[in-house]
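Have a look at the structure below before the remarks.
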Amino acid sequence: MVNPIFIPVAALGMAFLLPVLERFGRKTVNVLFFLTLGFFTAASLIWLNDFFMANSPVLRVFTAGFKPPLSINLQVGSQEAMLLAAINVLSLAGAFYLLPHLNVTGLKARVLFLLFTLGMNGLVMTRDIFNLFVFLEITSIASYALIGMDVRLKSLTAGFKYMIAGSLASIFLLFGIILLYQASGTLNIDGMIASGVTLNDSPLIQGAAFMLFLSLFIEMKQFPANGWALDVYQAAHPGISAMISAGSSGAIFFALYKIFPLAGENWYLAAAITGSTTFVISNLIALRQRQVTRLLGYSSVGQMGLLLAALGFGFYVNRGRDNYAFILAALFFNHFFAKAGLYWIAGIVKKERIEEWSALRRNPVLLFLTGLFILALLGAPPFAGFWGKWALIMNLGREDTFWGVALLLFGSLLEAAFLLRWFGLAMRGATHDDIQPSPAVREIFVTGLFALISLTLGARFGYMRLTADLWTYVFPLILAAILFLFEGFSVYLRVMASLVVMLFFGFYLYPLEQGLAFYFSLIFIGGGLLMLLATLYQPRRSAGYYPLLVLMFSSMAVLTASKTQLGFFMNWELMTFSSYLLIIRGKKSRKAAWLYALFSLGGALAMLAGFSVLQLIRPGAELLADLAYAGEYGGVIFTLISMAFLVKVAALGWHIWAPDAYAEAEDDLTAMLSAILSKAGIWGLLLLAVFMGAPLWHSLSLNTVLGWLGTLTAFFATLYAIFQEDAKRLLAWSSIGQVGYIVMGVAMMSHLGWLAALWHTLNHFLFKGLLFLAIAGVIHRTGTRNMYEMGGLIKRMPFTFFSVMIGIIALSGVPPLTGFGGKWLLYEALIEKGWYLQAGVAFFASTIAFLYCYRLIHAIFLGIPKPDQLQVREAPFRILFPQYILIAFIFVFSLKPAWLLKPLSAMVAPYFTPTLGWQGDTAVSSLGYWNGTVMMILVVFIFALVLLNLLWMSRGSKKVKPFNIVYAAEKPDRPQTTHYAWHFFTPYQRAMRPLLKPLIRHFWQGVGEWTATGGSVLRRIYNGNGQSYAMLILLLAIILFALTAGA
Amino acid sequence: MDGIVLKVVYAILSLILIFNYGMLVIGVTAKIVARAHGRIGPPFYQPYIDLLKSISMRTSVHHGVMFWLGPVFRLTGGIGLYMLIPAVYGSEWLQNFSFSGDLILVIYFIFFGMLGMALGAGESGHPFSAMGIMRGLAHTTASEVPFALAIIAVAAQYHTLSISDIVAAQQGGIGHWTLMTNPLATLAGMLAYLGMMMHSPFDLHMAPQEIPVGPVTEYNSSYLALMQSNRSIFASAKLILFMNLFFGGATSIPEMVVKTFLIFFFCVFVGVVFPRFRVEQSVRWFLKLPTMIGVLAVVIYTVHG
Amino acid sequence: MVRKTIALALMSGLAFILAFILGDWSPMERLSGVAYDYVTRGAADLGAMNLVTAIVVTYRGLDTLGEVTVLFLAASGVAVLLRRKRDEAAATVKIKRAASEIVTTGASLLSPFIVMFGAYIFLNGHLSPGGGFQGGAVIASAVLLLFLAHPDYKLRHNVLNIIESFSGFTYVLVGLLGLFLAGGFLDNRFLPLGTYGTILSAGAIPLIYTLIGLKVGTELAGILENMKGRA
Amino acid sequence: MKLVMVLGAALMLIGFWGLITRRNMIKMILSLAIAETGLQLIMIAVGYINGGTAPILDSAVDKLSAVQQVVDPVPQALVLTAIVIGVAVNALMLTFIIRLYQKKHSLNISDYKDMKW
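The listed protein sequences correspond, in order, to chains P, X, L and G. The first sequence lines up with residues 191 to 1237 when you count with the numbering used here. The second sequence lines up with residues 2 to 306 when you count with the numbering used here. The third sequence lines up with residues 111 to 341 when you count with the numbering used here. The fourth sequence lines up with residues 1499 to 1615 when you count with the numbering used here.
Structural data, given as structure tokens:
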């Protein structure tokens, strides 16, 4: 064990000595400087080890040989050890990162840095409130000087504003300390807490608490007293910003944490309100921010708000501190390492505006790290923030603090909005051929180190949180990690490895699942395998493609095996983020991916809120099965949780992301998104229905609402599909509509309805996978997605044509292929259920589907070929092969529907009394019957007869060339004028005009614009004038007083 | 096994019957329309002459496999549709293959031939074909809406989707016909029927009197013959369907002949009186009045439970 | 005008808050808490007559070390910020007018006494009002006087630096001696407490105060010199 | 002593007033210094005991009954620290102003609004 006192001793001894040692040269100075920092780090790591591995007792050091309260004491326990380790690692790494900057500034800069580190350490260790003040001043003064060190106008201005704020804060702090001293007769924090002095509500003591916390709230950069902080983050050298944002803010937060037990009820609430307001507002304002370091500043400030809110809530809603210690630690360390890492990257890239960050694309390592840190900040699993946020929201739910849930979730969404926009620009922004970032090894090293720490910490926190089925839940991550090892090898090897690990995972899951879960995981894993095979048609794949694909598929499969809410939510998020990262690989998919991520996250946050409501009625509920006990809150919970699923199935109103994302994603990926990913939402809805049945919202049954939602989705999406010129966009809308039918089926809550849904789930996977893959092959060969730029490809790509033909027949529900089975089940179910009007609309939608089906196949394959496509080759075998597997399935289930329907019927049987019976191969419902086998034979038989007949009759028929037609008494010669494909359904569009207004898109655009405008109005308070910032600080004082004096 | 063979034999007989019936109905109707116009008109056996002419044409060209397969699809669709509908109630040999599926199957099988022919016509590369298909499809979507609503109302009324059961429920006099028991559904269904028969005023996609615009533009010779054969079978099948749904079905062949002819005459009559609609006009027309009636029909049953 | 109004509103708010907090404040009637302990046992524990000194140097010695650090930081910060960049080296400012003779004479006459007075203050810190900071500030005022009298006066950096570093480092070492030889870091009792009330009493307090005095004096002098500009 | 308290509070308010109304940065710093002084007065007032004397246990104060005679030494020790820290901050702030003035030749705080929003 190292005596904590040696930290200040070493820091000061070295700092005082360095000016003399300067004459021995820079190298000596640097060695000593790093030795000192290294000593700090080593000492704190030793403590960390002692407390967590050896359960050592808390270290208490009394100075001057007297016990407190006579003397000042330092304390290092497990919490302090964690903080110190983080801070000292940051300092060491930060100093390493800043080395050239320090070298330029000279020796004194190292002194400043060393003392800055000392200040932070002191803030963490001291247990004396006045000593805390002294260390706070050391930290602040050192940071003022570090900020102004480069003597640029901006950093000087920012530093000056900071100093004004800091001076005000220290005046308030000192005021508070002296009043507290008078009241308690001691300066020792533990003594003060023990004396219970602050429980007294005399004005003097309340005033003391007021001054104390006001000061720390200012130091925590709470709204509106934080203009200075933003300037500092923007102007300072990013290496310094990293130290301030992570290090000193963290240390100050810990100081606040330390003295927070002094606060009374009113302060718990004030902290919660101020913190969550700051979190929301700074993220809101950041929406319009384009300057990277300032953007990060807003994010930092927001994170401080989040921490303060969590602290406040922790005391406000329950006194069980241990749970909150976990939450605070998770949120804190998450922010700590991620933000430092991002600032460092900002320092490497040296691009001020987010639009210029596309330069990052040339450097995959940096891009990867940026993505990692941003994901951490967003609270994606497995980062610590995820576990923290989950626990926090659950706790808030348990204690009925839903305004907190709402604010924190809203703020998180806003944060995602601007961080992901930034990442999107880095990933897919327009490239400029200017200076590329050229990171030094040193810089990459420290940034990478922090990424590693972030991941490790996340794993550690997750390990504490995931108590049951740990391995199942983290399996996807492990698989992805394994596949990362194969990056850089040939595509074949990567695909092979992916198939192997997925198969392995399938075998792992197999014994865990039965019934519906088995069915869905079969689609997720089996479908995934098939789609992975199809990816081979592109000979080159950028790094990360296969790990992400496998992550996506396997996390979806885990959804079916999840027993706990947390495990489910975790894998839901994994699926969302991996699919986001996949979508954004499309060449022009920046905006689409952004929208996708935003809607998905919004949905996921709503799900989180739903689970949190469940905590209210069933505290401590961890299992999904606990949803069954929702009772009177069933309606709310169902509505909230279903949001996530509705987004994923792109139900009307939540569908805005889908057409763009499907269209712009890479072609084979689109097939996976449509065929497989959308089914995750269906699985979710089924799960909800299984556990919650059909809850009521007041007197309205929610499954009726869901049913109508599905119906309208099916109708409108189909309607939009027919007016698309882009083949993928057409199929995208089609996909939305088809999934709408499945939603209808689920919503019916009947045996037949679910059969319809399950049948259609598989069928949609088959034909939409088929269609998207076929179209991918076409795009691969022709290089365009616009259907009117193609034509007559049937002669060049007959196999693909056949695929598409089978696909559209199956899609449109024309007998005898599988599509009809879905339609039959659906209408039987609808009429049985009494949903007549819905059945009518669904029928309308399904006839409209013919229009786009025909358009798709006509514009691409029929008509007259374009001159430049006369030599187009058939799609590669590697993409045809999976298509023909799908076709085989379609034929099998068309011929023998019973093979699928009977097991499905058995799967649904536990939930509803079966209303579908069998007479041989004839399925008999309460209304009608259908024999798919006879139908198939009949059709084939008649078809064969007619075919033979025609063969005989048209013996002498001659094939003619494309233009061999008579068109308005002349022979046309150009396909552009002859191939009728562009604006194919214009008359229909004219007829349907009233239904085609994009009201929902306008609605969401309005929401987006109003939110952003709100941000830009609010940010006017940061007018850049240091004096105004001082006024805002005084304003915060008055606000806080009003908030707290009432009690 | 004997059962199957017997069924096939019955089916073929039934098919021959309906084919000739269809040919004659078309011929007779043309004659009647001509008389209404004050012309003499073609003889009632003209369709047979047309068919023979098409088959015996010496020049025969095609544009590719799909073009070639289009008529096959079309005729398969027509025959198949007929095979799924029980033509005469109680008659064993005119039950066809209606045991393989109910009303839903019948409705969806209507699309089989349409889709196939649309694919074939598309390959001809003639812009008029594509245009005709576009118009036909657009128009069909609209006219199917009231039809679907009518069927739903009927299914709700009888609690079954089996055509035989629906007919059975209507036996026992005109008072039991759907026409009487469910007039709204019948009205919606019959208005939709106007569109489904693709007769004037809803025949823009065929535009029979003017330049050859429509799916069949490029079809010739034996291909056209197949289409013509289909026309008679397909039309008859639809007539029988409507008869079964709304007018009590038929218990004997003469009853069937009379009823279907009257139903057909209804659309001929409307066609003689009204001029042709443009696509958007017909789409909107179907989505207004007939759909409203259909919705009303359905809502009544929704409310009653 | 708007600004003034807002300012006025803010100030009245603050005034209200202060009035609310301090409204029924009244002075303490008698010592309590930790102060009581200091007063009753301070002299016996540490042998310092001046209890404030006892508190500053020993009981709350870590604060004082921190205080020295703050000053040191400020001095370093000022030095870093006002460091001459290469391109600024040439731009020296010419002082237009030398100080008057009265000032120069006065300065030369007074400064030794001021320094001596400063030393007196920190040496007697444990006996009478005063101490290292006060003494150091007084010494620095002598330097200020010199600067006023001789605007182009240059301090000897090396000497200053060495004194500063030495005193600071020794202060830390003395603290460590307390840790190793007596009760804890900055414990003054590793030296004999001596006779109560004499200059060589109270253990290491006079030593520490001397070091602080030297350090503060040199640091403040350094700040002054840096701020003086490039004469 | 109540008077000292009131004076201290008044000085603090005056300091704050100056801080938010004076545009000149040096005046702002002076205002902060005034506010700090006010606070220091308050601190001293807090430590005062009616009729007490300085906490120096020389011949004037009896060591045994000192508790009844002297004022609280702790706030005095704290004020000492506060003063020194104030000096340090002020020195650094003035340095910033020197540098800022060199950049823009203005002491008006509203001229330094390069960063906002």
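Quick reminder that beta carbons are idealized off the backbone N, C-alpha and C, glycines included. It should be emphasised that the depicted structure is a prediction, and the values quoted were computed from it without experimental measurement.
Within chain G, partners of residue i - CB distance below 9 Å
i             : result
residue 372/P : 1544, 1545, 1570, 1573
residue 170/L : 1572, 1575, 1576, 1579
Reference residue i, options the options, closest by Cα
i              : options                     : result
residue 111/X  : 67/X, 64/X, 234/X           : 234/X
residue 612/P  : 505/P, 477/P, 673/P, 718/P  : 477/P
residue 444/P  : 489/P, 500/P, 473/P, 397/P  : 500/P
residue 998/P  : 965/P, 752/P, 756/P         : 965/P
residue 1614/G : 348/P, 292/P, 272/P         : 348/P
residue 343/L  : 162/L, 270/L, 141/L         : Because chain L is modelled from 111 through 341, residue 343/L falls outside the range shown and cannot be assessed.
residue 194/P  : 869/P, 207/P, 248/P, 1148/P : 248/P
residue 51/X   : 95/X, 24/X, 241/X           : 24/X
residue 1118/P : 246/X, 105/X, 53/X, 193/X   : 105/X
residue 668/P  : 862/P, 226/P, 695/P         : 695/P
7 Å Cβ cut-off: residues of chain P touching residue i
i             : result
residue 279/L : 203, 206, 207
residue 158/L : Under the 7 Å cutoff, chain P gives no residues; its nearest Cβ is about 12 Å from residue 158/L.
residue 161/X : 1117, 1118
Close-in-space but distant-in-sequence residues of the same chain around residue i (CB under 6 Å, 5 per side omitted)
i             : result
residue 919/P : 849, 853
residue 330/P : 356
residue 224/X : 72
residue 345/L : Absent from the model: residue 345/L. The displayed extent of chain L is 111 to 341, so no value can be given.
Contact set between residue i and chain L, taken where Cβ atoms lie within less than 9 Å
i             : result
residue 393/P : 130, 131, 132, 133, 134, 135
Under 8 Å by beta carbon: chain P residues contacting residue i
i             : result
residue 77/X  : 1129, 1132, 1133, 1136
residue 142/L : 375
Residues near residue i in its chain [Cβ-Cβ closer than 8 Å; skip 5 each side]
i              : result
residue 198/P  : 308, 311, 312
residue 1153/P : 1054, 1161, 1162, 1163, 1168
Beta-carbon contacts of residue i that lie in its chain and below 7 Å, excluding the five residues immediately before and after
i             : result
residue 200/L : With a pLDDT of 47 at residue 200/L, under the threshold of 50, the modelled position of that residue is not reliable, and the figure given next carries that caveat. Result list for residue 200/L: empty, nothing under 7 Å.
Within chain X, partners of residue i - CB distance below 9 Å
i              : result
residue 1003/P : 109, 112
Neighbour list for residue i in chain L, Cβ cutoff strictly below 7 Å
i              : result
residue 1503/G : 132, 135
Exercise for the section: Identify every run of the alpha helix (DSSP H) within the stretch 868 to 915 of chain P, keeping only runs that are complete inside it and at least 4 residues long; order them along the chain. Expected result: Assignment of alpha helix (DSSP H) within the stretch 868 to 915 of chain P, counting only whole runs of 4 or more residues, yields 868 to 882, 892 to 911 in chain order.
Handout entry: Ordered list of beta strand (DSSP E) runs contained in the stretch 329 to 372 of chain P, each at least 3 residues
Key = You should have found no qualifying run.
Problem - Interfacial residues, the stretch 265 to 283 of chain P to chain L, with Cβ spacing under 7 Å - result: Cβ contacts with chain L come from no residue of the stretch 265 to 283 of chain P.
Practice task
Could you name the residues of the stretch 323 to 335 of chain L whose beta carbon sits closer than 8 Å to any beta carbon of chain P, in the order they occur along the chain?
Solution key: With the criterion set as a beta carbon lying under 8 Å from some beta carbon of chain P, the stretch 323 to 335 of chain L has no members that meet it.
Practice task
Could you list the residues in the stretch 1594 to 1608 of chain G with a C-beta less than 8 Å from some C-beta on chain L, going in chain order?
Solution key: From the stretch 1594 to 1608 of chain G, only 1594, 1596, 1597 have a Cβ closer than 8 Å to chain L.
Handout entry: Proximal residues, the stretch 1216 to 1231 of chain P versus chain L, C-beta separation under 9 Å
Key = Contacts with chain L (Cβ-Cβ distance below 9 Å) from the stretch 1216 to 1231 of chain P involve 1217, 1218, 1221, 1224, 1225, 1227, 1228, 1231, listed in chain order.
Practice task
Scan the stretch 971 to 1047 of chain P and note each continuous alpha helix (DSSP H) run of 4 residues or more that stays entirely inside, going in chain order.
Solution key: Whole alpha helix (DSSP H) segments, 4+ residues: 988 to 1002, 1008 to 1023.
Handout entry: chain B contacts from the stretch 1047 to 1080 of chain P (Cβ-Cβ distance under 7 Å)
Key = Of the protein chains in this structure, namely P, X, L and G, none is chain B.
Problem - Contact set between the stretch 457 to 476 of chain P and chain G, restricted to residues whose Cβ is under 7 Å from the partner - result: Cβ contacts with chain G come from no residue of the stretch 457 to 476 of chain P.
Practice task
Ignoring anything shorter than 3 residues or poking outside the stretch 283 to 310 of chain P, list the beta strand (DSSP E) runs there in chain order.
Solution key: List check, beta strand (DSSP E) in window: nothing returned.
Problem - Complete runs of the alpha helix (DSSP H) confined to the stretch 216 to 248 of chain P [at least 4 residues] - result: Whole alpha helix (DSSP H) segments, 4+ residues: 216 to 243.
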